[in-house]
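2 protein chains.
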Amino acid sequence: MARIVQKFGGTSVKDIDRIRNAAKRVKREVDAGNEVVVVVSAMAGTTNQLVEWTQTMSPLHDTREYDTIVASGEQVTAGLMALALQDIGVDARSWLGWQIPIRTDDVHGKARIERIETGELGRRLAAGQVAVVAGFQGLGADGRITTLGRGGSDTSAVALATELKADRCDIFTDVDGIYTSDPRIVAKARKLDRIAFEEMLEMASQGARVLETRSVAMAMNNRVRLQVLSSFVDVPGTLVTDEEEIVEHRVVSGIAYSRDEAKITVEHVADRPGVAAALFGPLADSAINVDMIVQNVSADGATTDMTFTVGRADLDRALAVLEEQRKTLGFKALKPDSNVVKISVIGAGMRSHAGVAQLMFKTLADRGINIQVISTSEIKVSVLIAADYTELALRALHTAYGLDEAG
Amino acid sequence: MARIVQKFGGTSVKDIDRIRNAAKRVKREVDAGNEVVVVVSAMAGTTNQLVEWTQTMSPLHDTREYDTIVASGEQVTAGLMALALQDIGVDARSWLGWQIPIRTDDVHGKARIERIETGELGRRLAAGQVAVVAGFQGLGADGRITTLGRGGSDTSAVALATELKADRCDIFTDVDGIYTSDPRIVAKARKLDRIAFEEMLEMASQGARVLETRSVAMAMNNRVRLQVLSSFVDVPGTLVTDEEEIVEHRVVSGIAYSRDEAKITVEHVADRPGVAAALFGPLADSAINVDMIVQNVSADGATTDMTFTVGRADLDRALAVLEEQRKTLGFKALKPDSNVVKISVIGAGMRSHAGVAQLMFKTLADRGINIQVISTSEIKVSVLIAADYTELALRALHTAYGLDEAG
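Sequence lines, in order, name chains A and B.
One gets my numbering by counting positions in the first sequence from 1 and adding 4 to each.
One gets my numbering by counting positions in the second sequence from 1 and adding 4 to each.
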């Protein structure tokens, strides 16, 4: 007997029929003698509708009301899933965030889970009842509903798996696993049987949208065995696990890309100590994350150009913040460019293999693709290139690192 | 300064614009220095969608899950209304049933309110914050969401008005008050300025759908001054109040009708003591309400015909229950007829005026309308007639009792 958390995303519970299908997947685990916690997202499209209403009503809305409104989506799915299970003879009940409760801080709209009181839920699990938990939501210290931010149902699932010491946390989604690259672009992309937590973390934060970054980090820290698999086709998925558990040794596991970047070049800023702090301080104060940074070699010895990236959604705000500081910073011009893409080569094997970055640069150079900014981490090399080259770059790199499917 | 409860029905909060309009009505009371509790229904159509999903998923569903699912509609409107108020500068917050809490029994799907703990809500009201309460819902003793049955938001409003000792409870709806009869049928129907609780109760239970019966009874028992008015046009509504407060003396206040009836005639049942108990006992056991009853004069001295009405929705079930008892009861035949309508003449003035029923019978006889069953109460005379005569009967009675509008 094992204890399993199964999380179904929005497309997996999009309508009555899909909820029924998902319920059958749950029943299979129950029939195998397992204790099952089901975590559900809102029916696909529901959250968008609720967010739209909220923003139409009040663009600068009270996030406590936002949470009250948006959390209703998962509430509906939780009830429907419990009914679907009961209808096929599985003892089940729905649990809302405040009922368990899943206690969070008061940062409405992107709350953090502080602790989960699984007493009653755990007792019922042990007694054979399936717990259907509304994902994405918790109970703030203020007694009001909180939500965990977009993709928060993954976090709910991993947090419950951690707290309940589950043997496995299955994330059912509309793809059947983690691929070496986006199969919609790279036809030869392969599904990975296993991927290391650290790699998955980089994949998620570098643009692969299958899993939410925070949930991967939480799974890694708590050693929760995560599995990503399709709720539509019955094939093995990808297991996200410790590096040691991965038998197949690869240097590079995947090529990710993110179109959510925008580049800003600050031209002719004074080349003196403290300029970076002066530039990035105000951005940080405005909660704008700066990602890749490159400082050009000073041409005249007195001024320099700084280039960096911010989230595309933050571009206008970042420009406004910098413009306000023009006098203090004394730069000549701000050049924004949102027509860029960040391509990342990811692999835990980089730690022990040299030449990974070099192969990336050479491959892109061979295709005539200009690299605008570079950043690296222990298991990742990222470059910023013009968006027009996205597909070409992904395919070339996929082949260069030997990731292409054999067939 | 007064304390006022304002309840907005589904059509009054159907979309963002209507919620905004409703918020303006609230602001007017706030600007006048009043403490305001707003009770909202789900956006029109939402509850039907949620109920449909529930029933599609599981026709004989767990009512606890039904409540969890269906209560989400009011949750969304409460949040949106709070935002709409904040957006026009009114301090407001949403309250869900479990947050106040509104404590109910555990009869999911049609729970009864047991008590409302208004401590924190009352403190905030006194501090000038508008409380936006999700109607229709409460917290069961089992810790789960309960709903109060269809139209339950009226009950929520009256219960809060009672508990908070509100000076008035305004029910905003899509009609601008209580009419002497259905204006869609009786063109000369007049809006009443005032109506007595007892009359309103009969009107509601005899088919007028503006107010839910339970909420009227609760308002009557707790002497809550109810006002029914339109959320679309800014005209005075109808005040539901104590009989003594009604200056205009009328014998009859309104003519109601209900198409929700069905008639059953049990032919040739043994005419002996206890036959009625034998007949109606099994129906009561199956939770089928019997309304009007007539026992025909025995023709042969040994058997009789019994005619009675049940809710149309219960007809098939009632027939099945009786059929099961055929041997015990020894009747000859069951004759169902759902092509009937119940017409009721209602007026507190009947207590002191004779001849009200007689005028009804004569008026219908003059039009050649056959009366099938009669039932009376202190302030009401109801007759069952063939459904084809509904409009004719309503108009004739409306004129006969002097209710026609002058113009």
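Glycine included, each C-beta is placed from N, C-alpha and C at the ideal position.
Cross-strand partners of residue 102/B (DSSP beta bridge): BP columns for residue 102/B are empty, so no partner.
Chain-ordered chain A contacts of residue 91/B [CB-CB under 7 Å]: 61 and 62
Beta-carbon contacts of residue 73/A that lie in its chain and below 8 Å, excluding the five residues immediately before and after: 54, 57 and 58
CB contact below 9 Å: residue 409/B versus chain A: no
Extent of the continuous beta strand (DSSP E) run through residue 149/B: 149-151
Buried versus exposed, by CB contacts within 10 Å (16 or more), residue 270/B: buried
Ordered list of alpha helix (DSSP H) runs contained in the segment 216-240 of chain A, each at least 4 residues: 217-226
Three-pair Cβ contact test at 8 Å for the segment 348-355 of chain A versus the segment 253-260 of chain A: yes
Interface residues of the segment 89-119 of chain A facing chain B [CB-CB below 8 Å]: 90, 91, 97, 98, 100, 102 and 103
Burial state of residue 133/A (16 or more Cβ within 10 Å): buried
Listed by chain order, chain A residues near residue 65/B by CB distance under 7 Å: 87
Between the CA atoms of residue 112/B and residue 153/B - distance to the nearest angstrom: 9 Å
DSSP-derived helix/strand/coil call for residue 333/B: helix
Extent of the continuous alpha helix (DSSP H) to which residue 405/B belongs: First-last for residue 405/B: undefined, no H or E at that position.
Segments of 3+ residues assigned as beta strand (DSSP E) that fall wholly inside the segment 277-320 of chain B: 294-299 and 307-315
Alpha-carbon to alpha-carbon, residue 322/A and residue 163/A: 34 Å
contact_flag[the segment 287-296 of chain B, the segment 244-251 of chain B] where n(CB pairs < 8 Å) is 3 or more: no
Within 9 Å, strictly: CB atoms of residue 203/A and residue 383/A: yes
Boundaries of the beta strand (DSSP E) in which residue 261/A is found, first to last residue: 258-262
Validate contact between the segment 73-89 of chain A and the segment 30-42 of chain B using beta carbons, cut 8 Å, 3 pairs: no
Alpha-carbon to alpha-carbon, residue 119/A and residue 46/B: 32 Å
Residue from 238/A, 282/A and 307/A whose Cα sits closest to the Cα of residue 272/A: 307/A
Cβ of residue 223/B within 9 Å of any chain A Cβ: no
Residues of its chain near residue 367/B, where Cβ-Cβ distance is below 7 Å and the 5 sequence neighbours each way are ignored: 400, 401 and 404
Residue 280/B versus 336/B, 310/B, 304/B and 266/B, residue with shortest Cα-Cα distance: 310/B
Cβ-Cβ distance between residue 174/B and residue 266/B below 9 Å: no
Where residue 235/A meets chain B, residues with beta-carbon distance less than 7 Å: By Cβ distance, chain B contributes nothing, its closest Cβ being about 17 Å from residue 235/A, past 7 Å.
For residue 412/A, the three-state DSSP class (helix, strand or coil): With chain A running from 5 to 411 in the structure shown, residue 412/A is simply not present.
Residues sharing a beta bridge with residue 41/B, DSSP: 9/B and 135/B
Min CB distance residue 80/B to chain A below 9 Å: yes
Spatial distance of residue 268/B from residue 392/B (CA atoms): 18 Å
Where the segment 196-215 of chain A meets chain B: residues whose CB sits under 7 Å from a CB there: none
Proximal chain A residues relative to residue 147/B, where beta-carbon distance stays under 9 Å: 103 and 124
Other residues of its chain near residue 371/A: CB distance less than 8 Å, five sequence neighbours each side excluded: 393, 396, 397 and 400
CB contact check: residue 76/A to chain B, cutoff 9 Å: yes
Proximity test, Cβ basis, 9 Å: residue 83/A and chain B: yes
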